[in-house]
Amino acid sequence: MSGPSDTFRQISNLLLAPAMWISSSIPQVFDVGRSISEQSDSNDTLLVPAGIAFSIWFPIFVGCIAYGIIQMLPKNKERAIFRDIGWLTAGSFALITLWGYMAAFPPPAVSAWGTALVFIPAMLLICAAAVRLTRRKAELTKAEGYMIYIPLSLLAGWCSIAVFLNWAQLGVHGPIGFGLSEPIVCLLTLAAALAWITFMIHKTGGNRAYTFAPVWGLAFLLLARTSADEPNMAIAVAAGIGALVLIGSAIIAGRKTALRNL
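Numbering (the working numbering), first residue to last: 27 to 288.
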């Protein structure tokens, strides 16, 4: 039986999905605050990929808005899959919206810490939703797979690598680098990111959409480090190897899932 909590969950996802997009677009549209690219440039590290990598946000935003609309339909109000993931996605959307504000408006030092701290629970919530969604994928229609499963999985995958980029800024420009050189900080951060993403790939049974997002980011990280005025081959090689490791992990996890389902 449905109740007020179902209605509030539906409305939250419907409103918060576009709110993520709006929050990150305020500086460009209204010329106030720092844009996401300006925030990234002010805390540039060796882990920032080529700018085109961030274009992945467009299909993510569009897909999340489609999810918000679909789960709002009356026929979906009591569907178990939406009850299972709805509060997780709403929480993640809300925190990503807050991340956009934290990136644009507070003083740079506050912004660096604020975005890093907000991004952790945002990432964990959407990753938890991706795990549950993958396990219940058979409950989705083919169209819902394109408009719900893929964009939410992409968001989880992108957040899984982006959160580590955010913390790398504090390691390079902030107090948590412990005096290590920038390449060492970035290599250690990249290793931690790959460990988490590999874990998630196996938790999601080789979810290809989830895997695609960090591989996309690593590919453009490799491009950025090889085409820069001062190339850094250590980071480039690590990014290339990391992408191959993630692809291999997805293939292995997918085969294990297929065998379990026989």
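Note that beta-carbon positions come from the ideal geometry of N, C-alpha and C, so glycine has one too.
Nonlocal neighbours in the same chain, by C-beta distance under 6 Å from residue i, ignoring five residues either side
{"i": "ASN192", "result": "THR141, ALA142 and PHE145"}
{"i": "ALA295", "result": "Here the chain comprises residues numbered 27 to 288, so residue 295 is not present and cannot be evaluated."}
{"i": "PRO44", "result": "ILE91"}
{"i": "LEU220", "result": "GLY268"}
{"i": "GLY266", "result": "LEU248"}
{"i": "ILE86", "result": "PRO177, LEU180 and LEU181"}
{"i": "SER275", "result": "THR224 and ILE227"}
Contacts around residue i, its chain only, beta-carbon distance under 7 Å, and the 5 residues preceding and following it disregarded
{"i": "TYR127", "result": "SER49"}
{"i": "ALA194", "result": "THR71, LEU73, VAL211, CYS212 and THR215"}
{"i": "TRP242", "result": "ALA79 and ILE82"}
{"i": "TRP113", "result": "ARG35"}
Collapsed DSSP secondary structure at residue i in the structure displayed
{"i": "SER207", "result": "coil"}
{"i": "GLU104", "result": "coil"}
{"i": "VAL189", "result": "helix"}
{"i": "ARG162", "result": "coil"}
{"i": "VAL58", "result": "coil"}
{"i": "ASN39", "result": "helix"}
{"i": "THR115", "result": "helix"}
{"i": "VAL263", "result": "helix"}
{"i": "THR215", "result": "helix"}
{"i": "LEU73", "result": "coil"}
{"i": "GLY94", "result": "helix"}
{"i": "PHE131", "result": "coil"}
{"i": "PRO257", "result": "coil"}
Nearest-angstrom Cα separation, counted from residue j out to residue i
{"i": "PRO100", "j": "LEU150", "result": "28 Å"}
{"i": "GLY183", "j": "ILE261", "result": "20 Å"}
{"i": "GLY232", "j": "LYS168", "result": "19 Å"}
{"i": "GLY268", "j": "ALA92", "result": "32 Å"}
{"i": "ALA76", "j": "PHE246", "result": "5 Å"}
{"i": "ARG105", "j": "GLU256", "result": "53 Å"}
{"i": "HIS199", "j": "LEU270", "result": "29 Å"}
{"i": "ASP32", "j": "PRO134", "result": "39 Å"}
{"i": "VAL189", "j": "ALA284", "result": "30 Å"}
{"i": "LEU121", "j": "SER186", "result": "14 Å"}
{"i": "ILE202", "j": "ALA218", "result": "15 Å"}
{"i": "VAL88", "j": "SER118", "result": "16 Å"}
Whole-angstrom C-beta distance between residue j and residue i, which should lie under 8 Å
{"i": "ILE273", "j": "THR237", "result": "7 Å"}
{"i": "MET173", "j": "ILE96", "result": "6 Å"}
{"i": "ALA154", "j": "TRP125", "result": "With a Cβ gap of about 17 Å, ALA154 and TRP125 do not count as contacting."}
{"i": "ILE111", "j": "ARG161", "result": "The pair is not a contact, with the Cβ atoms about 10 Å apart (cut-off 8 Å)."}
Same chain only: Cβ atoms within 8 Å of residue i, ignoring 5 sequence neighbours per side
{"i": "ASN258", "result": "LEU72, PRO209 and ARG251"}
{"i": "PRO132", "result": "GLY140"}
{"i": "ALA116", "result": "ARG35, SER38, ASN39 and LEU42"}
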